[in-house]
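Laid out in structure tokens, this is it:
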């Protein structure tokens, strides 16, 4: 197989409102946690829920949309890719993996039971896309320095 694939698709609920940072040159980044829950039955036949928490970041116009519309508890469809940060802490190499979303769709209904954004099917309210080149080079350039190729 030629090439490789780094794609993540998640549907889950926001664990908190996005934390947004605005940079001097107009760039923005929003960070938030997303919970996904899988259910299974244990040996006794009891339903067990297993929740996984994911760290999400969005850049540019998508960050501004997230700041305006995403709130704790919202159900969201996320598409993106895995990114791993690494650093040294007292001589110990540490890693943190996150998902850099390149689009998201808000799902579900608002508190009044109406579909968000006024759409008739009630499944989506916002769709946003961002290209990798929308990330400011001066901010994200250091993330490519440790690529193995």
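Numbering (my numbering), first residue to last: 6 to 154. Note that the Cβ used here is the ideal one computed from N, Cα and C, for glycine as well. Here the structure is a predicted model, which is why all the values come from computation and not from measurement.
Query: One or two residues paired with residue 98 in a DSSP bridge; Result: 93
Query: Residues near residue 56 by beta carbon distance below 6 Å, same chain, minus five either side; Result: 40, 42
Query: Span separating the alpha-carbon of residue 71 from that of residue 36; Result: 9 Å
Query: Proximity to residue 79 [Cα-Cα], best of 113, 73, 31, 34; Result: 113
Query: Selected residue, minimal CA-CA separation from residue 3, among 54, 31, 105; Result: Nothing in the structure corresponds to residue 3, since the chain is present only between 6 and 154.
Query: C-alpha distance - residue 86 paired with residue 58, whole-angstrom precision; Result: 16 Å
Query: Same chain, Cβ closer than 8 Å to residue 44, five either side skipped, listed in chain order; Result: 52, 53, 54, 55
Query: Nearest-angstrom Cβ-Cβ length linking residue 21 and residue 77, presumed shorter than 8 Å; Result: 5 Å
Query: Beta-carbon spacing of residue 67, residue 23 below 8 Å; Result: no
Query: C-alpha distance - residue 18 paired with residue 110, whole-angstrom precision; Result: 12 Å
Query: Three-way DSSP call (helix, strand, coil) for residue 80 in this model; Result: strand
Query: Exposure of residue 62, with buried meaning 16 or more beta-carbon neighbours within 10 Å; Result: buried
Query: Reduced DSSP secondary structure (H/G/I, E/B, other) of residue 106; Result: strand
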